[in-house]
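K.L.:
Following this line, the structure appears as structure tokens:
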């Protein structure tokens, strides 16, 4: 879908007229509003899709009764039959206009009205809120990207209280703001009275209107029609004379004005009240803060500070290029997830989990154990985010090691084995699992407890996939290699037998023996982020190094300690050597295109941590999965030997149910082949022997190839939804404190303002690395626009 | 409200018939289903509230057309007028039956049917899903506690697609399960075709039925009525002959059966797949796991394992006596919170927060800064739970102290000053802020970093409020005191000038001087949970001790370090001595009856942490509020000096918006005087000089008084929503590992099974302490039932 800005202008106040049902009087209400608005300046009435006979078309009705020099009317698609647009379209049109075309047409129309001095506009829907549009999608969904404020015409008939409230709820859960409610008075049913007090509690004004005269049904004689015309005219005149339409309009005007004033004040207020994560506030100005008005699909709607003209759009679509800090999977404003969250909230709220069980938590646990393809894992522990999930993993692993090896706490401290540049979260316990770095060196209580291997990395340079070995290790590991494809790099069976593979293993074993035997280090866990070390700087680890490290640890059980309970090599699910913890918080659940990132290594962890994409990108939740062997380390007759961890909202029902649906939906997408177009592009280029298992990305192989030749580019890679480019740093300094990527980031922030569909890109940098991340629902045509911007900037 | 069990029986399958709108044919569908069900055994048709003329009453219609020995019909409330029940009731009845009466009547009727061998029952609603019941509440809300599975009759008319989907969404967000959809075929509008494919995606079967013959309107002649009767009979016979009603019923039967089978399997499956928080799994059996089917208000609906008879209710209302681990505030299944969550999900999903701002996060920050009554606080930092919120607080405080006092990291480690028995979360960093205890002593990486004062505690013993001083401190602090009321204990101005107050201050100052001057300890923060130390064992601290400690720290700025930037005593918002951190995660936001627990002490913290009740009890979210002075400690030209902390879902829009609405609603409740009944009961007893500021509880003063005399009781207290009773431990051992409270807990779990409205109580114990916690919406009559159980058990 071409990016579409939410419809908001300073000079033009546009509203969308939704009906609680069909035949509730939307057009009569629109006509009344048009007449009243015309007294305040030029007004536009837009009917995107109209059904019903031409004579009765809603724009014609408005034209007839609200006619005047100040009133413009327009209909985009007209169907004669009084049926749902999806049926009308089906029978009348060879090519049904795509929803994106309808949206662009509306935006274009309103935009031109804004430019031409129109002050107010009404966009009238057809039927009820969920009546299908021409492509059979609910109108409430179809028009959502515009997020026009809503004038809801409620139903004054018997049953209308119910349908009006339900319609309101359907709009609300799609992120609409309802600015006012109108309906006809009915002295018998008195819906207006009930609804008035109902909407007053929501601070939404409701205006009850006199009932219009009955309209003749079917074909009528000319004189009857004339009488009807006269009666309607009288009706409109008498209602228009009423004062309260004026105050309703005043209120709507104020809301529109306040909405923009709010947006314009937000950055300054945020600058004053918010302490931002990972942000140096010194020198930060309000203008540095992006104001996000709303979001839909892959785009934020952000306040456009560059255009101050009254007639220009206030909002601009901004591609969410960090997938909102790596969380986004199923798109912003996803109505299915909103409904799922609401259902769990309505069925449970949050319920106690210690000593209890509810369906969402149980179903999620079982789904993950069944689907992640790791036979070792049999238990699920819930926490709230990746950092707490990793704290639990560390507690689990250290206990398991200490119990097996008979270590007492009074003995010297147990340490972590890991990789340099790893990052496992912001709480102090898991900070200690990473080597000293910019992220932690100034945290007063930090002290790294472990040994971290430096390792070779993967990237494309000048059109070739390369493995680069850090200079200090070139003697032990060799000088790096070139490969014809990513698939070859991931052919670990073959590579492990190569000379490089043997060098890796020998180096790892020698180092460990030195640490354990000579320096007396006690290790309690091997912790790794498979394939990609995210926060450490998007480091694409040579998978062979991770593979070798895990295998050396497992095949040398006596290296780390000795115990009568050390399992024999036959054991398939018991841990050996050290408990292996995979931190898949960032890399798991399709972030790299596969269900798990462990599958790239072919290694089953003993403990595996997942978060971020777990809820499709909606709310925090984390799981720490463990083997029975690890679990059993905590079994004892003492309560105090248990894993004494558990946040209050542990396994909250809303998060678990959203996660069940999200994980299931991503698995369905995989099964349905939703990503086949991406896969094909990569497997064609890399000529993979095994296209099903080929390594692929949502970012095009061509982009990676082309950018790798760019002068300012050090190297590039892409896997799954992640793209990353490392820029040459003039100062020769890489790492988190480098500013080399800032220029590219600014270029993306500038975007394509002169494009017919202008948009820009939000991105994050880690020192001299700029990365972009798609969601699982991103479409190739969307991503190629972003790729175009990258090419413009770098080539 | 008397506790009502969700309506579920093994022998009786009951469904609720909801209509997408009025006049969609609910009664025709019910009649068809009754006729078909009657062939499978006895069937009951229940119309709780009927409107429309007596002749046309829905139960009469069913009686007439589905008559037979197997069909029972019943109407609870009959109104003649074809208007909404709330209007009919208003005009017809002197006393409108309370919603709880209606619910009990339905439950009683279904229960008796179940006992009498009825196999199926339909409970038909009036009008649409949100049509108001007799008390003007939406029926979807009114009937929610029964949570009957729904048969939705969709609307086959023009506009019916929209109203059917909206009705479905309104039911879903209230936690209903929709088991099937029926509607009439309309060849012109073809709603059934669209809805069939719509509901198929939700795995909900839809059955399209032939249209019934048109029914005569108004008064008709006898012969016309006879013809109509004949036509309807024919219609029912012809439709009943169709096979697909059978398979629809089979499907519904299967769903009902599966629902119970699922409930019965859950404990075993959970026992296998779940690693529970704070739980020693050894010896734990599936039967120890409470199966929570759903929850509403103050009650879980739990699987009743004690009654295995087919005719007995499967579910039992269980009072959520731990407020679901201290989180619950606005009731389970709160539709307002569900709708709020859905709106934010639909408007944003989760959006990036670093460098950006959105309305919910900004509004929540401003609301808290404005409302918490602490002028020092000016910045809000977001995290996901209390533990991470406290990790941030520790990072903030330590940095501020180190910067001001010029301490380098290479110097000896900076420590925390706190109270014994404090608890700040489960992540390792904040575990280190507590003294060694059961909770942390076996965590391999734990090492307490601080000094923790023992302190006097408050409780009622034998009818008197007492302050008890630990034996070891009786020489320094005196031997404890008795008070006439809680208010006197909280009269800190007076008490600080007393001999006890002076003893407290002298002791604290002497101890600190010893620690700092003699032992060279460097302190970086004072951290306290004001008034009540929750996880440490519900320790009610003498507020005077906390008050004195804070004041000594602040009034002795040179005790902890020296710096040219030490503020003069005039400064009102700068910290002095040490940054004071209040951990209000448990105690804040009305848990103790007041907006903040700091207000009991009259001390403004420099850093304040809130979570749990922040979202009203729905989803995880935490805030760490800080002063500008603390904030400024991180300002530098170096990015790496910033507070490098931030979880991916930081300031997630759903949580922030739910929090805005929850905090606002709790403030509204306070303002409206919703808790005045509780307050009055306490201030009458304690004869407070200042009833507005009086200390009160939702638990009755009488209960506390009476239980304090019980033989098995050591002491009792209550404040705000928290009640706690400390039991005498025969072994003389208190603390977390004691089992003295287990017996009382089991008694509460047993509940009152012979009560006409049977219920039981879920509670948590901390060693020999059993506590109960209400939500902010708990009603006095509810709590008095629970109090009755406590009295039965202990008196």
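Residue numbers (our numbering), protein chains in the order written: chain A, -10 to 784; chain B, -10 to 784.
We put the CB at the ideal spot given by N, CA and C, even for glycine.
These numbers come from a predicted model, not from an experiment.
(1) Identify each residue in the segment 373 to 388 of chain B for which the Cβ-Cβ distance to at least one residue of chain A is less than 8 Å, and report them in chain order.
(2) Does the Cβ of residue 412 (chain B) have 16 or more other Cβ atoms within 10 Å, making it buried, or fewer, making it exposed?
(3) What first and last residue would you give for the alpha helix (DSSP H) that runs through residue 9 (chain A)?
(4) Taking 8 Å as the CB-CB cut-off, is residue 79 (chain B) touching chain A?
(5) According to DSSP, is residue 677 (chain B) part of a helix, a strand, or is it coil?
(6) Could you check what DSSP says for residue 471 (chain B) in three-state terms: helix, strand or coil?
(7) Distance cutoff 8 Å, beta carbons only. Does residue 156 (chain A) sit that close to anything in chain B?
(8) Could you list which residues in chain A have their beta carbon closer than 8 Å to that of residue 391 (chain B), in chain order?
(9) Measure from the C-beta of residue 775 (chain A) to each C-beta in chain B and report whether the shortest distance is under 8 Å.
(10) Name the residues in the segment 575 to 609 of chain B whose C-beta lies less than 7 Å from a C-beta of chain A; which are they?
(11) Please state if the CB of residue 539 (chain B) and the CB of residue 515 (chain B) are separated by a distance shorter than 8 Å.
(12) Under 8 Å between beta-carbons, which chain B residues line up against residue 351 (chain A)? List them in chain order, please.
(13) Nearest by alpha-carbon distance to residue 87 (chain B): which of B:72, B:132, B:112 is it?
(14) Since residue 626 (chain A) meets chain E, which of its residues come closer than 7 Å, beta carbon to beta carbon?
(15) Check whether the segment 409 to 429 of chain A and the segment 375 to 392 of chain B are in contact - that is, three or more C-beta pairs closer than 8 Å.
(16) Please list, in chain order, the chain B residues whose beta carbon lies closer than 9 Å to that of residue 323 (chain A).
(17) Leaving out five residues before and five after residue 772 (chain A) in sequence, what residues of the same chain have Cβ atoms less than 7 Å from its Cβ?
(18) Is the Cβ of residue 644 (chain B) closer than 8 Å to any Cβ of chain A?
(19) Going by DSSP, what residues sit across from residue 517 (chain A) in a beta bridge?
(20) For residue 116 (chain B), go through chain A and note every residue whose CB falls closer than 9 Å to its CB, in chain order.
(21) Could you tell me which residues DSSP pairs with residue 281 (chain B) in its beta bridges?
(22) Have a look at residue 586 (chain A) and residue 383 (chain B) and give me their C-alpha separation to the nearest angstrom.
(23) Name the chain B residues that come within less than 8 Å of residue 12 (chain A), Cβ to Cβ?
(24) Check whether chain A comes within 8 Å of residue 84 (chain B), counting only Cβ atoms and requiring the distance to be less than that.
(25) Buried or exposed: residue 650 (chain B), going by 16 or more other Cβ atoms within 10 Å of its Cβ?
(26) Compare the Cα-Cα distances from residue 638 (chain B) to each of A:616, A:611, A:684 and report the closest residue.
(27) Report the three-state DSSP secondary structure of residue 731 (chain A) (helix, strand or coil).
(28) Would you say residue 758 (chain B) reaches chain A, if we count a Cβ-Cβ gap shorter than 8 Å as a contact?
(29) If you run the structure through DSSP and keep just helix, strand and coil, what is residue 788 (chain A)?
(30) Taking 8 Å as the threshold, find out whether the segment 652 to 672 of chain A comes into contact with the segment 728 to 742 of chain A through three or more Cβ pairs.
(31) Taking the DSSP output, what are the residues bridged to residue 121 (chain A)?
(32) Apart from the five residues just before and just after residue 701 (chain A), which ones in its own chain have a Cβ nearer than 7 Å to its Cβ?
(33) Provide the residue span of the alpha helix (DSSP H) that contains residue 141 (chain B), from first to last.
(34) If we define contact as Cβ-Cβ less than 8 Å, is residue 280 (chain B) a contact residue for chain A?
(35) Within 8 Å (strictly less), CB to CB, does residue 491 (chain A) reach chain B?
(36) Using a 10 Å radius around the Cβ and a threshold of 16 neighbouring Cβ atoms, would you call residue 506 (chain B) buried or exposed?
P.N.:
Put simply:
(1) 373, 374, 375, 376, 377, 380, 383, 384, 387, 388
(2) Start at 1 with the first residue of the second chain, and residue 412 (chain B) comes out as number 423. Buried, because 16 or more other Cβ atoms sit within 10 Å of the Cβ of residue 412 (chain B).
(3) Residue mapping note: residue 9 (chain A) aligns to position 20 of the first chain, counting from 1. From DSSP, residue 9 (chain A) is part of no alpha helix (DSSP H); its letter is neither H nor E.
(4) Position 90 of the second chain, counted from the first residue, corresponds to residue 79 (chain B). Closer than 8 Å: no.
(5) Within the second chain, the letter at position 688 stands for residue 677 (chain B). Any reading at residue 677 (chain B) needs caution, since the residue's pLDDT is 47, under 50, leaving its predicted position unreliable; the model's value is listed next. Correct three-state label for residue 677 (chain B): coil.
(6) Here the question's residue 471 (chain B) lines up with position 482 in the second chain. Residue 471 (chain B) falls in the strand class under three-state DSSP.
(7) For the purposes of this step, residue 156 (chain A) is taken as the residue at position 167 of the first chain. So yes, residue 156 (chain A) belongs to the interface.
(8) Within the second chain, numbered from 1, the residue matching residue 391 (chain B) stands at position 402. Those are 433, listed as they occur along chain A.
(9) By one-based count along the first chain, residue 775 (chain A) stands at place 786. No, because no Cβ of chain B sits closer than 8 Å to the Cβ of residue 775 (chain A).
(10) 601, 606, 607, 608, 609
(11) For the purposes of this step, residue 515 (chain B) is taken as residue 526 along the second chain, with counting starting at 1. For the purposes of this step, residue 539 (chain B) is taken as residue 550 along the second chain, with counting starting at 1. Yes. Within cutoff.
(12) Reading the first chain from its first residue, position 362 is the one you call residue 351 (chain A). Neighbours of residue 351 (chain A) on chain B, chain order: 255, 258, 259, 262, 263.
(13) The residue labelled residue 87 (chain B) in the question sits at position 98 within the second chain. Comparing Cα-Cα distances from residue 87 (chain B) to each of B:72, B:132, B:112, the minimum goes to B:132.
(14) Protein chains A and B are contained in the structure displayed, whereas chain E is not.
(15) yes
(16) As a working mapping, residue 323 (chain A) is identified with position 334 in the first chain. Here the neighbours are 334, 335, 338.
(17) Taking the first residue of the first chain as 1, we reach residue 772 (chain A) at position 783. Taken in chain order, the residues that qualify are 687, 688, 763.
(18) Reading the second chain from its first residue, position 655 is the one you call residue 644 (chain B). Yes, contact with chain A.
(19) As a first step, residue 517 (chain A) is located in the first chain; it is residue number 528 there, counting from the start. Looking at the DSSP assignment, residue 517 (chain A) forms a beta bridge with A:571.
(20) In the second chain, counting from the first residue as 1, residue 116 (chain B) sits at position 127. Within 9 Å Cβ-Cβ: 147, 148, 150, 151.
(21) For the purposes of this step, residue 281 (chain B) is identified with residue 292 of the second chain, where counting begins at 1. Beta-bridge pairing links residue 281 (chain B) to B:291.
(22) Taking the first residue of the first chain as position 1, residue 586 (chain A) is located at position 597. Taking the first residue of the second chain as position 1, residue 383 (chain B) is located at position 394. Spanning the two alpha carbons is a distance of roughly 34 Å.
(23) The count along the first chain starts at 1 and reaches residue 12 (chain A) at position 23. Per Cβ cutoff of 8 Å: 147, 148.
(24) Here residue 84 (chain B) corresponds to residue number 95 of the second chain, with the count starting at 1. No, no contact with chain A.
(25) One-based indexing of the second chain puts residue 650 (chain B) at position 661. By the 10 Å Cβ count, residue 650 (chain B) comes out buried.
(26) On the second chain, residue 638 (chain B) is found 649 positions in, with the first residue counted as 1. The candidate whose alpha carbon is nearest that of residue 638 (chain B) is A:611.
(27) Within the first chain, the letter at position 742 stands for residue 731 (chain A). DSSP places residue 731 (chain A) in helix when its eight states are reduced to three.
(28) Start at 1 with the first residue of the second chain, and residue 758 (chain B) comes out as number 769. No, no contact with chain A.
(29) Residue coverage of chain A in this structure runs from -10 to 784, which leaves residue 788 (chain A) outside it and unanswerable.
(30) no
(31) Position 132 of the first chain holds residue 121 (chain A). The partner list for residue 121 (chain A) (beta bridge, DSSP) reads A:127.
(32) By one-based count along the first chain, residue 701 (chain A) stands at place 712. Only 716, 717, 783 meet the Cβ criterion.
(33) Locating residue 141 (chain B) in the second chain gives position 152, where the first residue counts as 1. Where residue 141 (chain B) is concerned, there is no enclosing alpha helix (DSSP H), although the beta strand (DSSP E) it sits in stretches over 139 to 142.
(34) As a first step, residue 280 (chain B) must be located in the second chain, where it is residue number 291. Closer than 8 Å: yes.
(35) For the purposes of this step, residue 491 (chain A) is taken as the residue at position 502 of the first chain. So no, residue 491 (chain A) is outside the interface.
(36) In the second chain, counting from the first residue as 1, residue 506 (chain B) sits at position 517. Exposed, by the Cβ-count rule.
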